[in-house]
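In our numbering, the protein residues as written are 602 to 950.
A virtual CB, placed ideally from N, CA and C, is assigned to each residue, including glycine.
Since this is a predicted model, take the numbers as computed values, not measurements.
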């Protein structure tokens with residue numbers, strides 16, 4: 602099964618930065634824009650988005666003898682595009698190329714698996730056991746159903762972002778990149794302004810870092826999922842080379858069970874007792890860090906916990922909560938809940 606989308610909602614900016622004027626006394630930069638400095642950058646909404654979805658779906662259902670029914674479903678899929686195409690849509694990180702946004706969509710689930718089973722206890726009249734049992738015993742032990750559902754899916758995509766100013770400054774004495782101009786005690790300006798992000802785009806703040814080759818972006822401990830040392834600040838004048846939604850979060854696994862029993866009361870009425878056990882093993886399913894968009898701090902500079910472009914991030918430079926698992930998938934009954942148990946009694950007539 603598959604689908605494709607064209608002319609989807611995708612955002613960008615216009616009135617881009619094309620240059621700047623430098624104040625000779627302070628070294629500060631006054632940016633120059635396409636349509637003049639009267640307006641700041643302008644958020645634009647386009648129909649430049651595309652996506653497609655491909656899947657292989659397998660379903661197997663079987664009813665066995667002695668009251669056992671099994672069902673299995675598996676979906677192997679991939680959703681890819683340059684936008685999610687809904688609501689306010691996303692803003693392209695590269696203001697000049699929508700093609701550079703092509704990557705996993707935020708709802709891309711590579712594998713989804715479901716196994717369900719229902720077993721009717723074979724006790725009572727006409728069943729394998731208890732056919733000749735006394736009525737009270739049949740009423741007590743017969744008519745029970747036990748069911749279970751195992752749900753599992755691959756982790757959802759994670760988009761690692763970085764905070765970057767539109768303009769930075771190069772120290773002419775040593776080549777270091779800093780975020781503010783440096784003026785000496787004699788009034789001499791030691792820095793030169795540089796366009797950091799081509800075209801700007803600070804109002805939308807969608808920037809991605811560079812990938813550090815050979816470094817695993819995942820950490821295997823219980824609290825920290827993403828390795829900050831796998832990323833670096835891009836060189837001034839370039840976009841980050843990390844793809845959109847390039848990482849994936851943790852897999853989700855949950856086992857639910859039900860126990861049910863009907864007690865006939867006459868020919869047309871009955872009571873039904875039902876026990877439902879959600880996430881019976883109390884398996885913790887963590888949500889992606891920072892809602893799926895963990896952001897690296899702007900750490901340009903030469904001081905403590907500051908880095909130069911190309912240097913791998915440290916935990917301190919990235920920010921204390923970067924890549925940290927802080928919440929579970931859901932707090933409600935359903936996929937991702939902690940263990941919850943509920944009982945119900947229903948009268949049908």
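- Item | Span of the beta strand (DSSP E) around residue 674 | 669–682
- Task: Would you identify the three-state DSSP class for residue 826, choosing helix, strand or coil?
- Result: coil
- With burial defined as no fewer than 16 other Cβ atoms inside 10 Å of the residue's Cβ, what is the status of residue 775: buried or exposed? Here residue 775 is exposed, its C-beta having fewer than 16 other C-beta atoms within 10 Å.
- Message: So the candidates are 812, 664, 851; which of them puts its Cα closest to the Cα of residue 823?
- Response: 851
- Message: Buried or exposed, going by whether 16 or more other CB atoms sit within 10 Å of the CB of residue 697?
- Response: exposed
- Message: Our contact map puts residue 644 next to residue 612 with C-beta atoms below 8 Å; I'd like the distance itself, whole angstroms only.
- Response: 6 Å
- Local conformation of residue 905 per DSSP, three classes: coil
- CB residue 818 to CB residue 763, shorter than 9 Å? no
- Item | Three-state secondary structure (DSSP) of residue 890 | helix
- Query: Nearest CA to the CA of residue 702: which residue from 939, 840, 895, 605?
  - Reply: 840
- Apart from the five residues just before and just after residue 827, which ones in its own chain have a Cβ nearer than 8 Å to its Cβ? 759, 761, 818, 819, 820, 848, 890, 895, 923, 924
- Message: Judging by CA-CA distance, which residue of 858, 728, 943 is the nearest neighbour of residue 744?
- Response: 728
- Query: Would the beta-carbon of residue 602 fall within 9 Å of that of residue 656?
  - Reply: The answer is yes: Cβ separation under 9 Å.
- Message: Measuring straight from C-alpha to C-alpha, what distance separates residue 753 and residue 665?
- Response: 24 Å
- C-beta contact flag for residue 930 and residue 853 at 9 Å: In terms of Cβ geometry, residue 930 and residue 853 form a close pair [threshold 9 Å].
- Among 690, 650, 693, which has the Cα closest to the Cα of residue 682? Per the Cα distances, 650.
- Query: How far does the beta strand (DSSP E) with residue 753 in it reach, from first residue to last?
  - Reply: 745–754
- Message: Under DSSP, the beta strand (DSSP E) around residue 946 begins and ends at which residues?
- Response: 941–949
- Rounded to the nearest angstrom, how far is the Cβ of residue 784 from that of residue 628, given a contact under 8 Å? 6 Å
- Task: Just grab the DSSP bridge partners of residue 707 for me.
- Result: According to DSSP, which records beta bridges pairwise, residue 707 is partnered with nothing at all.
- With a Cβ-Cβ cutoff of 9 Å, do residue 843 and residue 812 count as a contact? yes
- Item | Beta-carbon contacts of residue 606 that lie in its chain and below 8 Å, excluding the five residues immediately before and after | Within the same chain, residue 606 has close Cβ partners 650, 651, 652, 653, 682, 686.
- Starting from residue 633, follow the beta strand (DSSP E) in both directions and report where the run begins and ends. 630–634
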